[in-house]
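A.B. asks: Counted the way the numbering used here counts, the sequence shown spans residues 623 to 1172.
Where is the CB? At the ideal position from N, CA and C, for every residue including glycine.
This structure is a prediction, so every number in the text was calculated from the model and none was measured.
Mind having a look at this structure? Questions to follow.
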Amino acid sequence: MKKNIFLPKTLAITLVIVISGVLSAYKLDYFEINKQLDIFANLFREVNTYYVDETEPDEMMETAVKRMLKGLDPYTTYIPENRVEDYRIQTTGKYGGIGATIRKKEDYVMIYEPYQDFPAAKAGLKPGDFLIEADGKSLKGKNTEQVSDVLKGSPGSPLLLKIKRGEEEMDIAVEREEIHIKSVPYFGWLEPGIGYITLTGFTDGASEEISDAYEFLKEDAELKGLILDLRNNPGGLLSEAVNVSNLFIEKGKEVVSTRGKIKSRDNTYKTPSRPLDTEVPLVVLINGGSASASEIVSGVIQDYDRGVVMGRTSYGKGLVQETRLLSYGAQVKITVSKYYTPSGRCIQAIDYAERDDNGSVTRVPDSLRNSFTTTNGRLVKDGGGIDPDVVIEASKPPEVLYSLVGNDLIFEYVSTTLRSGFEVANPGEFSVSDAQYKDFLEFLEDKDYHYETDTDKAIDLLKEVSDEERYSALEDEIEKLQSEFNRIKGDDLSTHQVDIKRQLQEEFIGQVYYRKGRLQQILSEDEMVEIAVNHLKDPKKYKEILTVSK
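This is the structure we're talking about:
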């Protein structure tokens, strides 16, 4: 069937809105913009009309828009109509489906993690189950995005899946439900008086979930200290960042201000309500995966000296996006401003407007980072994320562990072992025995998990440089070094068995007790959490961090 070769209205309107949707608010060269749009429209029409082979106008349009936006920042993105629902899910945490994460493995997609108390888990789907058919239609060769579209649907609608578990195939009937992914997957007591709440995203209702968790802890026992875990939390809704901050900050206090090119739309957001608690000692945990809304909250807590920020420097995303509607259901998400914490700092660490000779974006150099002060007069800096009050450096996992996880070998071993009837104790009580670890090593004997360490790279570089500089006399010595290193590297599974056992334990617990259990298991061995607890148990140490030495 011959395709429509003329410029779609969607393209023209999309380009107009993306480029000039907010032109009326400030002065731009309207003639130049209209001139370029006219050139593009004519170019698009001529290419699609006269090009020797059939073309795909919709794909060409999407490619053009994406390439146009690529030169800006990674958060300014075009959202075509067929992906708008996925974007809504990201911001609300709600969708109609079976409640599971999936992953591509060879020719099929498999269940990676079913969510507790949702259709996939209730129907008996397990991690490692391969999805063979859906309602009689083969899923072979489909990617995760295509299979996800099949699994989603109206709440209450039925879905018949054919799965392969090990060597056995079976049919499993599932009834879709509205899935609401909780922003607070776990909360509880770490020690008497020390509460813990983890927040994984700032979706709609996140602040209410924290409030409910706090109230439960408060009613259950005396709350002497609270840890709010924002590690690896990528952010979300600005409104939820304000509401979460409000839980611990007095009403009427500035949380964040936004400033952009359109000055009339600059805003200052203040806490709108009475807080839950402004007195309980508070530790906020962050790391390099804490971004955006997580940085707003941790920055507010730090600026007002409301609590101690602990961990590693955050990601450094101080940009605010606004979603604007386009024609035919499409949308564009545009970075419209930067945000500033109450002390006046913008934590944006990457300057997307400045690029080096290779076209790579640059980070704000330390020499250009400005100093600000908290309420108590402590120094804090802008331009590099949130620097914690207490820095806790984490040891780097060994490369062999990265490889085992990345190749799904730990996941595969655990799911296979559980199918054999292996029983797992409760989170925090389960450990992988030496005999079980030996069984894991036997499982790996015919598996490929090649990995390259920094030492590998250094030896390769030494070979290359010595060849270039003609130090041929070193060739034998370098070969001996390589041989000796290979011998030592061959013992990595033994050398790093503590780290590998810990990952195995986490995977066993996660597959049996779901995400909540996995988090409990991780907490039982979490060095950063242990340090946070010790600070909360020592009021003098806690207060010293929040005061300025005279």
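Taking only three categories from DSSP, how would you classify residue 1118?
C.D. replies: Locating residue 1118 in the sequence shown gives position 496, counting from the first residue. When secondary structure is reduced to three states using DSSP, residue 1118 falls in the coil class, being assigned neither helix nor strand.
A.B. asks: Once DSSP output is grouped into helix, strand and coil, what is the label at residue 645?
C.D. replies: Here residue 645 corresponds to residue number 23 of the sequence shown, with the count starting at 1. For residue 645, the predicted model reports a pLDDT of 47, less than 50, meaning its position is unreliable; a value from the coordinates is still stated below. Helix at residue 645.
A.B. asks: Within the chosen definition, does the region 725-740 reach the region 675-682 through at least 3 CB pairs nearer than 8 Å?
C.D. replies: no
A.B. asks: Between 668, 962 and 919, which has its C-alpha nearest residue 856's C-alpha?
C.D. replies: In the sequence shown, counting from the first residue as 1, residue 856 sits at position 234. It is 919.
A.B. asks: Where residue 865 and residue 921 are concerned, what is the direct C-alpha to C-alpha distance, given to the nearest angstrom?
C.D. replies: Residue mapping note: residue 865 aligns to position 243 of the sequence shown, counting from 1. Residue mapping note: residue 921 aligns to position 299 of the sequence shown, counting from 1. Near 14 Å, if we compare the C-alpha coordinates of residue 921 and residue 865.
A.B. asks: Quick check on the burial criterion: 16 or more other C-beta atoms within 10 angstroms. Buried or exposed for residue 987?
C.D. replies: Mapped onto the sequence shown, residue 987 falls at position 365. The residue in question, residue 987, is exposed, as its Cβ has fewer than 16 Cβ neighbours within 10 Å.
A.B. asks: Inspect the CB distances between the region 877-884 and the region 842-854 and report whether three or more fall short of 8 Å.
C.D. replies: no
A.B. asks: Cα separation between residue 846 and residue 1083?
C.D. replies: For the purposes of this step, residue 846 is taken as residue 224 along the sequence shown, with counting starting at 1. For the purposes of this step, residue 1083 is taken as residue 461 along the sequence shown, with counting starting at 1. If I take the Cα positions, the gap works out to 54 Å.
A.B. asks: In three-state DSSP terms, what is residue 1039?
C.D. replies: The residue you call residue 1039 lines up with position 417 of the sequence shown. Residue 1039 falls in the helix class under three-state DSSP.
A.B. asks: Roughly how many whole angstroms lie between the Cα atoms of residue 1054 and residue 1120?
C.D. replies: Along the sequence shown, one-based indexing puts residue 1054 at 432. Along the sequence shown, one-based indexing puts residue 1120 at 498. Answer to the nearest angstrom: the Cα atoms are 10 Å apart.
A.B. asks: According to DSSP, which residues form a beta bridge with residue 847?
C.D. replies: Translated into positions along the sequence shown, residue 847 becomes position 225. Paired residues: 816.
A.B. asks: Is residue 597 helix, strand or coil by DSSP?
C.D. replies: Only positions 623 to 1172 of the chain appear in this structure, which leaves residue 597 out of reach.
A.B. asks: Whole angstroms is fine: what's the gap from residue 1167's alpha carbon to residue 1011's?
C.D. replies: For the purposes of this step, residue 1167 is taken as the residue at position 545 of the sequence shown. For the purposes of this step, residue 1011 is taken as the residue at position 389 of the sequence shown. Residue 1167 and residue 1011 have their C-alpha atoms some 7 Å from each other.
A.B. asks: To the nearest whole angstrom, what separates the beta carbons of residue 974 and residue 771, a pair I think is in contact under 8 Å?
C.D. replies: Taking the sequence shown and counting its residues from 1, the one referred to as residue 974 is at position 352. Taking the sequence shown and counting its residues from 1, the one referred to as residue 771 is at position 149. Not quite, the Cβ-Cβ distance comes to about 32 Å (not below 8 Å), so this is no contact.
A.B. asks: So the candidates are 652, 653 and 1158; which of them puts its Cα closest to the Cα of residue 932?
C.D. replies: Translated into positions along the sequence shown, residue 932 becomes position 310. It is 1158 whose Cα lies nearest to the Cα of residue 932.
A.B. asks: Where does residue 1050 fall in DSSP's three states?
C.D. replies: For this step, residue 1050 is matched to residue 428 along the sequence shown. Here residue 1050 sits in coil by DSSP.
A.B. asks: Among 871, 1116, 1154 and 1029, which one has its Cα closest to the Cα of residue 901?
C.D. replies: As a working note, residue 901 is residue 279 in the sequence shown. For residue 901, the nearest C-alpha among the options comes from 871.
A.B. asks: Can you find the residues in the same chain that come closer than 7 Å, C-beta to C-beta, to residue 688, ignoring five residues on each side of it along the sequence?
C.D. replies: Stepping through the sequence shown from its first residue, residue 688 is reached at position 66. If we look at residue 688 and ignore the five residues flanking it on each side, its Cβ neighbours are 700.
A.B. asks: At the level of alpha carbons, what is the spacing between residue 1050 and residue 952?
C.D. replies: Numbered from 1 along the sequence shown, position 428 holds the residue referred to as residue 1050. Numbered from 1 along the sequence shown, position 330 holds the residue referred to as residue 952. Each residue's Cα considered, the two are about 47 Å apart.
A.B. asks: Evaluate residue 1170 with the Cβ neighbour count: other Cβ atoms within 10 Å of its Cβ, from every protein chain shown; 16 or more gives buried, anything less gives exposed.
C.D. replies: Taking the sequence shown and counting its residues from 1, the one referred to as residue 1170 is at position 548. Result: exposed.
A.B. asks: Determine the DSSP secondary structure at residue 784, reduced to helix, strand or coil.
C.D. replies: Residue mapping note: residue 784 aligns to position 162 of the sequence shown, counting from 1. Note: residue 784 maps to strand in three-state DSSP.
A.B. asks: Tell me whether residue 1041 is buried or exposed, calling it buried when 16 or more other Cβ atoms sit within 10 Å of its Cβ.
C.D. replies: On the sequence shown, residue 1041 is found 419 positions in, with the first residue counted as 1. Residue 1041 should be labelled exposed.
A.B. asks: Looking only at its chain, what residues have a beta carbon closer than 7 Å to the beta carbon of residue 643, apart from the 5 residues adjacent to it on each side?
C.D. replies: Residue mapping note: residue 643 aligns to position 21 of the sequence shown, counting from 1. Residue placement at residue 643 is poorly supported in this model, since its pLDDT is 48, which falls under 50; the coordinates still yield a value, given next. Result list for residue 643: 946, in chain order.
A.B. asks: Note down, in chain order, each residue of its chain lying with its Cβ closer than 7 Å to the Cβ of residue 813, except the 5 sequence neighbours on either side.
C.D. replies: To locate residue 813, count along the sequence shown from 1; it is residue 191. Annotation for residue 813: 1155 place their beta carbon closer than 7 Å to its own, counting only its chain and skipping 5 residues before and after.
A.B. asks: Considering residue 750, what are the terminal residues of the alpha helix (DSSP H) in which it resides?
C.D. replies: Position 128 of the sequence shown, counted from the first residue, corresponds to residue 750. Residue 750 -> no alpha helix (DSSP H), and no H or E assigned at all.
A.B. asks: Opposite residue 947 in the DSSP bridges: which residues?
C.D. replies: As a working note, residue 947 is residue 325 in the sequence shown. 953, per the DSSP bridge assignment.
A.B. asks: Under 8 Å Cβ to Cβ from residue 684, same chain only, skipping five residues before and after it: list those, please.
C.D. replies: As a working note, residue 684 is residue 62 in the sequence shown. 700 and 702, listed in sequence order.
A.B. asks: In whole angstroms, give me the CA-to-CA distance for residue 669 and residue 950.
C.D. replies: For this step, residue 669 is matched to residue 47 along the sequence shown. For this step, residue 950 is matched to residue 328 along the sequence shown. Going by the C-alpha atoms only, they are around 24 Å apart.
A.B. asks: Since residue 801 and residue 858 should fall inside the 8 Å C-beta cutoff, what is the C-beta to C-beta distance between them, to a whole number of angstroms?
C.D. replies: Position 179 of the sequence shown, counted from the first residue, corresponds to residue 801. Position 236 of the sequence shown, counted from the first residue, corresponds to residue 858. Not a contact, Cβ separation roughly 17 Å.
A.B. asks: In three-state terms, what does DSSP make of residue 854?
C.D. replies: For the purposes of this step, residue 854 is taken as the residue at position 232 of the sequence shown. It is coil, neither helix nor strand.
A.B. asks: So what does DSSP say about residue 1055, is it helix, strand or coil?
C.D. replies: Counting from 1 along the sequence shown, the entry for residue 1055 is found at position 433. Three-state DSSP puts residue 1055 in coil, outside helix and strand.
A.B. asks: Look at residue 1197 and residue 875 and say whether their C-beta atoms are less than 7 Å apart.
C.D. replies: Not covered by the structure: residue 1197. The range shown for the chain is 623 to 1172.
A.B. asks: Between the alpha carbons of residue 1135 and residue 1142, how many angstroms are there, rounded?
C.D. replies: Counting from one through the sequence shown, the residue named residue 1135 turns up at place 513. Counting from one through the sequence shown, the residue named residue 1142 turns up at place 520. The alpha-carbon atoms of residue 1135 and residue 1142 are separated by roughly 10 Å.
A.B. asks: Quick one: is residue 735 buried, meaning 16 or more other Cβ sit within 10 Å of its Cβ, or exposed?
C.D. replies: Here residue 735 refers to the residue found at position 113 when the sequence shown is read from its first residue. Buried, because 16 or more other Cβ atoms sit within 10 Å of the Cβ of residue 735.
A.B. asks: Could you check the C-alpha separation between residue 1070 and residue 1123 for me, to the nearest Å?
C.D. replies: Taking the sequence shown and counting its residues from 1, one reaches residue 1070 at position 448. Taking the sequence shown and counting its residues from 1, one reaches residue 1123 at position 501. One C-alpha to the other measures close to 19 Å.
A.B. asks: Please state the DSSP three-state secondary structure of residue 809.
C.D. replies: In the sequence shown, residue 809 corresponds to position 187, counting from 1. Three-state DSSP puts residue 809 in a strand.
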